[in-house]
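Trainee: Here the sequence shown stands for residues 1 to 149, numbered as in the working numbering. Using N, Cα and C, we set each Cβ at its ideal position, and we do this for glycine too. The structure's right below; bear with me while I get my questions together.
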Amino acid sequence: KNDVKKCPENTNLKVYLKDGTVKSVNVPTNCRTQTVIDTLCKDLNVPSEFSQHFGLYVVSQEGFEELISYDINPVEMYIQIYNAEDRQPLKFIFKKFLFSTTIENDMLEDTNTLRLIYDEAILSTDKLDIEGKEIELNRNQHVSTQREF
Numbered sequence: 001k002n003d004v005k006k007c008p009e010n011t012n013l014k015v016y017l018k019d020g021t022v023k024s025v026n027v028p029t030n031c032r033t034q035t036v037i038d039t040l041c042k043d044l045n046v047p048s049e050f051s052q053h054f055g056l057y058v059v060s061q062e063g064f065e066e067l068i069s070y071d072i073n074p075v076e077m078y079i080q081i082y083n084a085e086d087r088q089p090l091k092f093i094f095k096k097f098l099f100s101t102t103i104e105n106d107m108l109e110d111t112n113t114l115r116l117i118y119d120e121a122i123l124s125t126d127k128l129d130i131e132g133k134e135i136e137l138n139r140n141q142h143v144s145t146q147r148e149f
């Protein structure tokens with residue numbers, strides 16, 4: 001009799017967005033980080049050509065967000081941490097990983113991508129001065145104001 005448990009082919013991985021919501025992403029248990037990112041982009045209606053400009057981060061015990069390499073298996077990473085003696089909850093965060101204003105401007109043309117980038121940006125400030133006009137930032141801003149920001 002074989003008592004070895006077989007791993008399921010797919011599993012749900014919880015990933016936090018910068019607006020505080022959690023997405024449960026159904027991915028293969030042997031997937032790589034890029035698969036999780038691609039699946040999230042699809043679920044969030046972000047054009048697939050922008051997926052390479054997002055990253056999956058893990059929050060360390062100290063609260064730092066560390067980028068996970070694209071060739072790492074995040075499901076395996078989660079299981080290893082979960083099974084550790086001093087297990088701490090593992091939190092994955094999905095956010096922009098981009099350092100080009102040219103590409104970012106292209107991404108901002110898409111409303112769904114704009115929302116993700118805007119939600120990340122408003123975490124660092126709650127008011128913005130644009131051309132002498134103070135604008136209070138919140139998640140309900142009109143899309144035109146988000147783009148301007």
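Grouping DSSP H, G and I as helix and E and B as strand, with all else coil, what is residue 17?
Mentor: As a working mapping, residue 17 is identified with position 17 in the sequence shown. DSSP places residue 17 in strand when its eight states are reduced to three.
Trainee: Classify residue 103 as buried or exposed, calling it buried when 16 or more other Cβ atoms lie within 10 Å of its own Cβ.
Mentor: Here residue 103 refers to the residue found at position 103 when the sequence shown is read from its first residue. With fewer than 16 other Cβ atoms within 10 Å, it is exposed.
Trainee: Within the same chain, show all residues whose beta-carbon is closer than 8 Å to that of residue 38, passing over the 5 residues directly before and after it, in chain order.
Mentor: Indexing the sequence shown from 1 puts residue 38 at position 38. Closer than 8 Å at the Cβ level, and outside the excluded window around residue 38, lie 48, 51.
Trainee: If we require 4 or more residues per run, which alpha helix (DSSP H) segments fall completely within the segment 20–99?
Mentor: Segments of the alpha helix (DSSP H) lying fully in the segment 20–99: 33–43, 74–83.
Trainee: Going by beta carbon distance, what residues of the same chain come within less than 6 Å of residue 113, once the five residues before and after it are set aside?
Mentor: Position 113 of the sequence shown, counted from the start, is the residue given in the question as residue 113. Correct list, in chain order: 46, 50, 107.
Trainee: To the nearest whole angstrom, what separates the beta carbons of residue 93 and residue 57, a pair I think is in contact under 8 Å?
Mentor: As a first step, residue 93 is located in the sequence shown; it is residue number 93 there, counting from the start. As a first step, residue 57 is located in the sequence shown; it is residue number 57 there, counting from the start. So it is a contact: roughly 4 Å between Cβ atoms.
Trainee: Could you give the DSSP three-state label for residue 11: helix, strand or coil?
Mentor: Numbered from 1 along the sequence shown, position 11 holds the residue referred to as residue 11. In this structure, residue 11 counts as strand in the three-state DSSP scheme.
Trainee: So is residue 217 buried or exposed if we call it buried at 16+ other beta carbons inside 10 Å?
Mentor: The requested residue 217 does not occur in the structure, where the chain is confined to residues 1 to 149.
Trainee: Whole angstroms are fine: how far does the CA of residue 28 sit from the CA of residue 40?
Mentor: The residue you call residue 40 lines up with position 40 of the sequence shown. The residue you call residue 28 lines up with position 28 of the sequence shown. C-alpha separation (whole angstroms): 13 Å.
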